[in-house]
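Enquirer:
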Amino acid sequence: MGTMKSAAKNMMREFAYGNGATAAVRVFLGLMLLWSGVIKALDTEVFGALIMRYRIIPDILVPYPAIVIPYLEIVLGLFIVAGYKIRAAASISVLMMIFYAFALSVNLVRGETFDCGCLHLDMIGPGLDERIGIHLVVRNVILSLLFILLYHAKNHVRSVEQYLEKRGLLKLH
Amino acid sequence: MRQMTREIMRDAFFIVILSTLLGIAANILFPGYEFIGSSRSKEGMIVPVSAREAHIKHAASSALFVDARGAAEYSSQRIPGAINIPSSPASLSLRKIRESFDALKGDRELLIYCGDPACGASDELAGRLLKMGYDRHIYVLKEAFPSWREAGYPTEGEEGR
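Chains as they are written, first to last, in numbering that gives the first Met the number 0: chain A, 0 to 172; chain B, 0 to 160.
#1: Since Arg127/B meets chain A, which of its residues come closer than 8 Å, beta carbon to beta carbon?
#2: Helix, strand or coil for Ile35/B, going by three-state DSSP, please let me know.
#3: With a cut-off of 8 Å, does the C-beta of Gly167/A fall near any C-beta of chain B?
#4: Quick check on Ala89/B: does DSSP put it in helix, strand or coil?
#5: Using Cβ-Cβ distances below 7 Å, what residues of the region 76-109 of chain B are close to chain A?
#6: Interface residues of chain A around Ala25/B at Cβ under 9 Å?
#7: If we call anything under 8 Å between Cβ atoms a contact, is Glu149/B one with Gly114/B?
#8: Compile a chain-ordered list of the residues in the region 45-61 of chain B whose CB is closer than 7 Å to at least one CB of chain A.
#9: Would Ala23/A and His155/A qualify as a contact pair, given that the criterion is a beta-carbon distance under 8 Å?
#10: DSSP puts Phe64/B in a beta bridge; with which residues?
#11: Distance cutoff 8 Å, beta carbons only. Does Ala11/B sit that close to anything in chain A?
#12: Examine chain B for any beta-carbon lying closer than 8 Å to the beta-carbon of Lys84/A, and answer yes or no.
#13: Flag this pair as yes or no: are the beta carbons of Glu155/B and Pro79/B separated by less than 8 Å?
#14: Name the chain B residues whose beta carbon is nearer than 9 Å to that of Leu75/A?
#15: Is Ala88/A close to chain B, meaning its C-beta is less than 8 Å from at least one C-beta of that chain?
#16: Against Asp122/B, what residues of chain A qualify as contacts under a CB-to-CB distance less than 7 Å, listed in chain order?
#17: Show which residues of chain A have a CB atom less than 8 Å away from the CB atom of Leu21/B.
#18: At a Cβ threshold of 8 Å, is Ile137/B touching chain A?
#19: Can you find a CB in chain B that lies within less than 8 Å of the CB of Phe101/A?
#20: Specify the secondary structure class of Asp114/A as computed by DSSP and reduced to three states.
#21: Determine, for Ile7/B, whether the minimum Cβ-Cβ distance to residues of chain A falls below 8 Å.
#22: Taking the Cβ atom as the reference point for each residue, do Ile111/B and Ala67/B lie within a distance shorter than 8 Å?
#23: Using a Cβ-Cβ cutoff of less than 6 Å, which residues in the same chain neighbour Ala81/A once the five nearest sequence positions on both sides are dropped?
#24: In the DSSP assignment, what are the bridge partners of Asn83/B?
#25: The ligand MG and Ala102/A: does the residue's C-beta get closer than 7 Å to at least one heavy atom of that ligand?
#26: Distance check for Ile56/A and Asp114/A, CA to CA, integer angstroms please.
#27: Helix, strand or coil: how does DSSP classify Leu140/B here?
#28: Which residue wins for smallest C-alpha separation from Ala20/A, given the options Tyr162/A, Leu145/A, Leu169/A and Arg166/A?
#29: Beta-carbon of Ser74/B versus every beta-carbon of chain A: anything under 8 Å?
#30: Can you round the beta-carbon distance between Met162/B and Ile96/B to whole angstroms, since I take them to be within the 8 Å contact cut?
#31: What does Glu123/B pair with, by DSSP beta-bridge criteria?
#32: Based on the DSSP secondary-structure assignment, which residues constitute the bridge partners of Pro47/B?
#33: Below 8 Å, how does it come out for the region 94-109 of chain A and the region 127-135 of chain A: are there three or more Cβ pairs, yes or no?
#34: Can you name, in chain order, every residue of its own chain whose Cβ lies under 8 Å from the Cβ of Glu142/B, other than the five neighbours on each side?
#35: Looking at the C-beta of Ile181/A, does it have a partner C-beta in chain B at a distance below 8 Å?
#36: Counting C-beta neighbours from all protein chains within 10 Å, is the total for Met11/A 16 or more, i.e. buried, or is it exposed?
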């Protein structure tokens with residue numbers, strides 16, 4: 000029992016430090032952002048209407064995030080998948096996830112049930128509902144934690160940063 | 000530590016600026032971001048109407064009513080004769096538009112309504128229809144379905160009147 004516990008502890012420690020599993024999480028998070036950004040960028044107008052439905056920011060300001068957020072998600076996704084500027088990208092992603100969780104929570108309290116327009120999972124398969132609910136807030140909290148893990152990881156397997164560091168082109172702290 | 004924080008902040012700033020420039024460039028290269036709530040209304044393509052005006056169109060059968068709410072709300076209670084095209088999820092909405100495009104492009108005017116005055120679903124659906132080639136005015140019930148119900152106009156569905 001004790002051996003199992005210490006093995007699990009070691010596994011967690013390696014995961015937090017950065018191993019193959021951490022890299023898999025990194026690629027997953029990056030692809031998720033990339034997908035989310037591309038879908039929004041394809042129809043910024045509809046994305047603008049969606050932001051308006053959240054009633055978080057004044058209508059007059061809505062076009063700005065509607066134009067910028069999709070490309071921010073795309074750039075963050077690319078950086079994270081490639082493993083470059085990981086800490087900066089993870090920091091922005093955590094802030095974004097916290098803001099999304101806040102927007103979802105406010106509308107959850109208001110009793111709204113519209114489709115959150117987060118990841119457009121309905122395009123992947125039928126029945127993957129993304130109507131506003133507590134599960135989406137929890138999902139965003141979990142994603143925030145994963146981005147925090149990415150921020151703290153010291154070793155990024157199969158990343159541009161690791162490649163550059165090995166060739167002495169980059170000095171990581 | 001302080002230097003590391005400074006570097007992270009500098010990189011984060013670079014990412015945000017890069018994304019902003021990309022967003023603006025994409026919007027210039029592919030013009031099309033016209034904000035539904037303002038520009039299209041100003042152009043007069045989306046016309047807000049009151050429940051009374053909507054009722055006149057309904058009584059004269061001059062408009063096809065489109066319910067932009069979800070299927071459950073539509074089944075529960077709706078304006079008689081209205082068809083259901085939910086504004087979201089987007090894929091379902093687009094499929095329903097394609098399925099009903101002949102009816103939508105018929106002789107009658109289009110009048111879209113959603114669940115509450117701030118729902119935005121009517122504008123979203125109207126914007127999508129305009130983008131997909133609908134080239135006539137689209138009427139939107141400005142105070143949404145509750146204004147119709149509260150005015151005592153007829154409804155149908157599982158809940159009835």
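Virtual Cβ for every residue (Gly too), placed ideally from N, Cα, C. Predicted model only: the values in this text are computed from it and were never measured.
Expert: For this structure:
#1: In chain order: Val45.
#2: Unreliable positioning characterises Ile35/B in this predicted model, as indicated by a pLDDT of 44, which lies under 50. The coordinate reading is nonetheless provided below. The answer is helix: DSSP assigns Ile35/B an H, G or I state.
#3: No, its Cβ sits nowhere closer than 8 Å to a Cβ of chain B.
#4: Looking at Ala89/B - three-state DSSP - the assignment turns out to be helix.
#5: So the list reads Ser87, Pro88, Ala89, Ser90 and Leu91, given in the order they occur along the chain.
#6: Result: Ala40, Thr43, Ile66, Pro69 and Tyr70.
#7: At least 8 Å separates the beta-carbon of Glu149/B from that of Gly114/B.
#8: The residues in question: there are none.
#9: No, they are not a contact pair.
#10: Leu110/B, per the DSSP bridge assignment.
#11: At least one C-beta of chain A is nearer than 8 Å to the C-beta of Ala11/B.
#12: Taking a beta-carbon distance threshold of 8 Å, Lys84/A counts as an interface residue toward chain B.
#13: Contact flag set, yes.
#14: Think of a sphere of 9 Å around the beta carbon of Leu75/A: the chain B residues whose beta carbon falls inside it are Ile14 and Ser18, in chain order.
#15: Judged by the 8 Å Cβ criterion, Ala88/A is in contact with chain B.
#16: Those within 7 Å of Asp122/B in chain A are Ala48.
#17: For Leu21/B, the chain A residues whose Cβ falls inside 8 Å of its Cβ are Tyr70, Ile73 and Val74, in order along the chain.
#18: Among the CB atoms of chain A, none fall inside 8 Å of the CB of Ile137/B.
#19: So, not an interface residue.
#20: The answer is strand: DSSP assigns Asp114/A an E or B state.
#21: At least one CB of chain A lies nearer than 8 Å to the CB of Ile7/B.
#22: Yes, they are a contact pair.
#23: The answer, listed in chain order, is Val159.
#24: Per DSSP, the beta bridge partners of Asn83/B are Asp66/B.
#25: By its list of ligands, the structure shown contains no ligand whatsoever, and the ligand MG lies outside what it can speak to.
#26: Those two C-alpha atoms are separated by around 18 Å.
#27: In the three-state reduction of the DSSP assignment, Leu140/B falls in the strand class.
#28: Minimum Cα distance to Ala20/A is reached at Leu145/A.
#29: Interface annotation, Ser74/B: not in contact with chain A, CB-CB separation never under 8 Å.
#30: Because chain B here runs from 0 to 160, residue 162/B falls outside it and cannot be looked at.
#31: Glu123/B pairs with nothing; no bridge assigned.
#32: BP columns for Pro47/B point to Val139/B.
#33: With a cut-off of 8 Å on Cβ pairs, the region 94-109 of chain A is in contact with the region 127-135 of chain A, counting three or more such pairs.
#34: Same-chain partners within the cutoff: Ser49, Ala50 and Pro116.
#35: The structure shown does not extend to residue 181/A, since chain A spans only 0 to 172, so no value can be given for it.
#36: Counting Cβ neighbours within 10 Å, Met11/A comes out exposed, since fewer than 16 surround it.
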